[in-house]
Amino acid sequence: MQYIGKDILTQGALLHLDPQKAWNALRSRAKQGIRKAQKAGVKVVESRDLSLIAQVWYNPDTLCTTLEPEQKLYLAYLQEQLIGGIIVTPVTRNTLFYHYGGTNEAGRAVEANAFLLWHVVEQFNRSEYEYLDVGVSFRQELQHYFQKYCTQPYPILFHPPSDDSRPHIGLNPFSNGALDWIEQQAVAINTQLSEYFEAEFTYLPSWPFALQSALRALDLPDSATIGVWASKGEASYTAELHRLFGERYHFVARHREADAIIVCHRWGIACPEADTLAAESTPVIEDCRDVLYHSDGDAHLGSYGRYAVFDFTRWFPMQFGAILAGDYFPDETVWNKFHCLDITKRNTVREQLQIYWPQRADQADIRWNNWRRYRELFALLGMMPADLKPKSPPFVFLLQAEAPYTASVMQERLERFGIYTETDTDENIIALPCHAGLKRGHIDYIFGAFRGMVNPCHTFVRDDPEKAGS
0 MQYIGKDILT QGALLHLDPQ KAWNALRSRA KQGIRKAQKA GVKVVESRDL SLIAQVWYNP
60 DTLCTTLEPE QKLYLAYLQE QLIGGIIVTP VTRNTLFYHY GGTNEAGRAV EANAFLLWHV
120 VEQFNRSEYE YLDVGVSFRQ ELQHYFQKYC TQPYPILFHP PSDDSRPHIG LNPFSNGALD
180 WIEQQAVAIN TQLSEYFEAE FTYLPSWPFA LQSALRALDL PDSATIGVWA SKGEASYTAE
240 LHRLFGERYH FVARHREADA IIVCHRWGIA CPEADTLAAE STPVIEDCRD VLYHSDGDAH
300 LGSYGRYAVF DFTRWFPMQF GAILAGDYFP DETVWNKFHC LDITKRNTVR EQLQIYWPQR
360 ADQADIRWNN WRRYRELFAL LGMMPADLKP KSPPFVFLLQ AEAPYTASVM QERLERFGIY
420 TETDTDENII ALPCHAGLKR GHIDYIFGAF RGMVNPCHTF VRDDPEKAGS
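Residue 0 is where the sequence shown starts when you use this note's numbering, and the numbers rise one by one after that.
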C-alpha cells in the first residue's frame with residue numbers, strides 16, 4: 000500500500016511582485032542570496048529553448064515538453080556558462096507560478112536561483128500580476144527553501160483526507176454536536192418572533208413545506224403559472240422550484256402575467272424588484288430562506304409579500320424548523336390543507352429557538368469574520384465576492400468564479416473534501432459556507448482545498464520507492 004499524504008493543510012509561499020514590498024518582507028537569507036549572485040555578475044536572458052533548461056533541471060524526463068505562449072523561460076549565465084533556469088506560468092489573473100527551476104553546481108555556488116526569482120519580481124513589477132507563487136512542499140528542506148521567499152503566506156491542501164477523517168461542512172450550521180442540547184424556558188419565543196417579523200406566523204417543519212404551504216394558502220389552481228424573481232442565481236433557483244413543486248405548478252422566470260409571484264432574496268441578497276412587484280395585484284410570496292438578520296432602518300425583507308418564508312436551519316444549528324409569516328394557520332389547516340403537521344418537531348423547534356434566538360448578534364459577528372477571511376484569501380488570487388458589500392450579516396460567501404476554475408469545477412473539487420456548496424452555472428457563482436459554526440481554521444480549510452487545484456503540480460504523486468527499485 001502506497002502512502003499518498005498531502006491531505007493536511009499547510010502553508011504556501013507567495014512572493015510580491017512589487018520590488019519594494021518584496022524586499023521589505025524577504026528573509027535576510029534570501030536577500031543574501033540575491034546580493035551574492037549580483038556581486039558574482041550573474042546575467043539573465045529570456046529564451047524559448049527548453050533544451051537549455053533541461054541541462055540544469057534535475058530530471059529532464061519530468062520537464063514540460065512544450066512552452067505555452069503565456070509561459071516565460073529565463074536562463075541565468077555566469078559569463079558564458081549556463082548555470083540555471085526558471086519557468087513561470089500564469090495560474091490566475093494576478094498570480095504566476097514558479098513551475099520549474101533548476102541550477103547546476105556552479106549556479107548553486109552563486110545562488111543563481113535566488114537571482115532568477117528576483118528577476119521575475121523586477122520583470123513583472125507594474126504588470127497585472129501581483130504575486131509569484133513560489134510553491135509549497137511536504138519535504139522539509141524544500142519547504143524551508145520556499146518559505147525563504149515568502150512575503151505572503153496562504154493555506155493550501157492538495158488531497159482529500161480519508162473518509163474517517165474528512166469533515167462535513169455545508170451551508171447549514173447543523174452538526175453532530177448540536178444533537179446534544181439542553182432545554183431552556185426563559186424566552187417568550189412566540190412573542191419575540193411576532194415582534195421581529197412584524198406579523199403573525201405559523202411553524203412548519205422545513206423550508207420546502209413552508210413554501211409549499213404558502214402556495215397552497217393562495218388557493219392557486221392546478222397548473223398555475225408562478226413568476227419567479229431571484230436576486231442571484233435565478234436560473235438554478237427556478238430549476239429547484241421545478242424539481243420540488245413542478246408536478247403541480249409551472250415556474251417561469253420574470254413572468255408578470257402569472258397567477259402568483261415568488262420573490263427570492265437568494266443567498267442573503269435582497270431582490271431589488273420586491274417592492275415594485277408587491278405593489279401590483281398579483282399575490283407575492285417572499286422566499287427569505289437565506290435572510291434572517293436585518294438592522295434598524297433597513298428594509299425589512301419579508302414584509303413586502305402576502306406571505307414570507309424563513310428557514311431557521313440556514314442560520315442556527317437546528318435540524319428542522321421554518322415559519323410561514325403573514326398569518327397563523329391552525330393545526331387543522333396545516334394537517335388537511337398543507338399536509339405537514341408535525342407537533343413533535345414543532346415543539347423541538349420552539350425549544351431550540353429558546354437557545355439560539357438570543358445568540359443572533361454573536362453569531363452575526365462570527366459570520367462577518369468568516370466573510371472577511373474569505374475575501375482576504377480569494378483576493379490573493381484576484382478573485383472577488385459576487386456581493387461586494389453585504390448590507391446584513393452574510394448567509395454565505397458568494398464568489399464570482401473565473402475560468403478555468405468555474406463554479407461547477409470548484410463545487411466538484413470541494414465536495415471531495417467534504418465541503419458542500421450551491422452554485423448557479425449561468426452566472427458562474429458559487430456559495431461557500433459562512434455560518435457561525437465555522438471558525439478561521441474552517442475557512443482556511445475550504446480555501447486551501449480549492450487553492451490546491453490552482454497549483455499545477457497538485458496531481459503529482461511520488462512513485463513508491465520500493466516498486467521503482469524492483
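Don't be surprised by glycine CBs; every beta carbon is placed ideally from N, CA and C.
Assumed close pair residue i, residue j - CB separation to whole angstroms, cut-off 8 Å
{"i": "glycine 232", "j": "isoleucine 418", "result": "At roughly 18 Å, the Cβ-Cβ gap does not stay under 8 Å, so glycine 232 and isoleucine 418 are not in contact."}
{"i": "proline 89", "j": "glycine 436", "result": "The pair is not a contact, with the Cβ atoms about 36 Å apart (cut-off 8 Å)."}
{"i": "leucine 170", "j": "arginine 313", "result": "7 Å"}
{"i": "alanine 324", "j": "tyrosine 306", "result": "7 Å"}
{"i": "leucine 14", "j": "tyrosine 148", "result": "5 Å"}
{"i": "lysine 71", "j": "valine 87", "result": "5 Å"}
{"i": "phenylalanine 114", "j": "alanine 75", "result": "6 Å"}
{"i": "histidine 249", "j": "isoleucine 268", "result": "Rounded, the Cβ-Cβ distance is 26 Å, inconsistent with contact."}
Euclidean distance between Cα positions of residue i and residue j
{"i": "glutamate 375", "j": "tyrosine 97", "result": "22 Å"}
{"i": "glutamine 183", "j": "asparagine 23", "result": "55 Å"}
{"i": "alanine 321", "j": "glutamate 285", "result": "14 Å"}
{"i": "phenylalanine 196", "j": "arginine 349", "result": "16 Å"}
{"i": "arginine 450", "j": "glutamine 139", "result": "20 Å"}
{"i": "phenylalanine 446", "j": "cysteine 270", "result": "28 Å"}
{"i": "arginine 366", "j": "threonine 237", "result": "27 Å"}
{"i": "threonine 420", "j": "phenylalanine 394", "result": "12 Å"}
{"i": "glutamine 78", "j": "arginine 107", "result": "15 Å"}
{"i": "leucine 219", "j": "alanine 259", "result": "8 Å"}
{"i": "glutamine 31", "j": "alanine 12", "result": "19 Å"}
{"i": "serine 205", "j": "leucine 340", "result": "11 Å"}
{"i": "alanine 213", "j": "proline 392", "result": "26 Å"}
First and last residue of the uninterrupted beta strand (DSSP E) at residue i
{"i": "serine 46", "result": "41-46"}
{"i": "histidine 264", "result": "Per DSSP, histidine 264 belongs to no beta strand (DSSP E) and is neither H nor E."}
{"i": "tryptophan 117", "result": "Per DSSP, tryptophan 117 belongs to no beta strand (DSSP E); it is in the alpha helix (DSSP H), 111-122."}
{"i": "alanine 12", "result": "9-15"}
{"i": "glutamate 421", "result": "421-423"}
Buried or exposed (CB count within 10 angstroms, at least 16 for buried), residue i
{"i": "leucine 203", "result": "buried"}
{"i": "proline 137", "result": "Strictly speaking, residue 137 in this sequence is phenylalanine, with proline absent from that position. It counts as exposed."}
{"i": "glycine 301", "result": "buried"}
{"i": "lysine 5", "result": "buried"}
{"i": "serine 159", "result": "Rather than serine, the amino acid found at residue 159 in this sequence is proline. With 16 or more other Cβ atoms within 10 Å, it is buried."}
{"i": "glycine 176", "result": "exposed"}
{"i": "proline 403", "result": "exposed"}
{"i": "glutamate 411", "result": "exposed"}
{"i": "aspartate 470", "result": "Since the first residue shown for the chain is 0 and the last is 469, residue 470 is missing from the structure and cannot be characterised."}
{"i": "leucine 398", "result": "buried"}
{"i": "histidine 192", "result": "The displayed chain sequence assigns leucine, not histidine, to residue 192. The residue in question, leucine 192, is buried, as its Cβ has 16 or more Cβ neighbours within 10 Å."}
{"i": "threonine 102", "result": "buried"}
{"i": "arginine 372", "result": "buried"}
{"i": "alanine 406", "result": "buried"}
{"i": "arginine 288", "result": "buried"}
{"i": "glutamine 211", "result": "buried"}
{"i": "glutamine 80", "result": "exposed"}
{"i": "threonine 61", "result": "exposed"}
Coarse secondary structure for residue i, derived from DSSP in three states
{"i": "threonine 190", "result": "helix"}
{"i": "glycine 83", "result": "strand"}
{"i": "phenylalanine 311", "result": "helix"}
{"i": "glutamate 182", "result": "coil"}
{"i": "tyrosine 195", "result": "helix"}
{"i": "glutamine 37", "result": "helix"}
{"i": "alanine 363", "result": "helix"}
{"i": "lysine 30", "result": "helix"}
{"i": "alanine 385", "result": "coil"}
{"i": "aspartate 286", "result": "strand"}
{"i": "valine 135", "result": "coil"}
{"i": "aspartate 295", "result": "Caution applies to aspartate 295, whose pLDDT of 47 falls short of 50 and renders its modelled position unreliable; the value that the coordinates give is listed next. Three-state result, aspartate 295: coil."}
{"i": "tyrosine 144", "result": "helix"}
{"i": "glycine 325", "result": "coil"}
Residue i, enclosing alpha helix (DSSP H) - first and last residue
{"i": "leucine 207", "result": "The sequence given here has proline at residue 207, not leucine. Where proline 207 is concerned, the enclosing alpha helix (DSSP H) stretches over 206-216."}
{"i": "isoleucine 342", "result": "342-355"}
{"i": "tryptophan 22", "result": "18-24"}
{"i": "threonine 224", "result": "No alpha helix (DSSP H) contains threonine 224, which is instead part of the beta strand (DSSP E) from 224-229."}
{"i": "valine 395", "result": "Valine 395 -> not in any alpha helix (DSSP H); beta strand (DSSP E) instead, spanning 395-399."}
{"i": "histidine 254", "result": "Unbroken run through histidine 254: none, as it is neither H nor E."}
Residue i CB to nearest heavy atom of the ligand GDP below 7 Å
{"i": "glutamine 78", "result": "Because no ligand of any kind appears in the structure shown, any question about the ligand GDP cannot be addressed here."}
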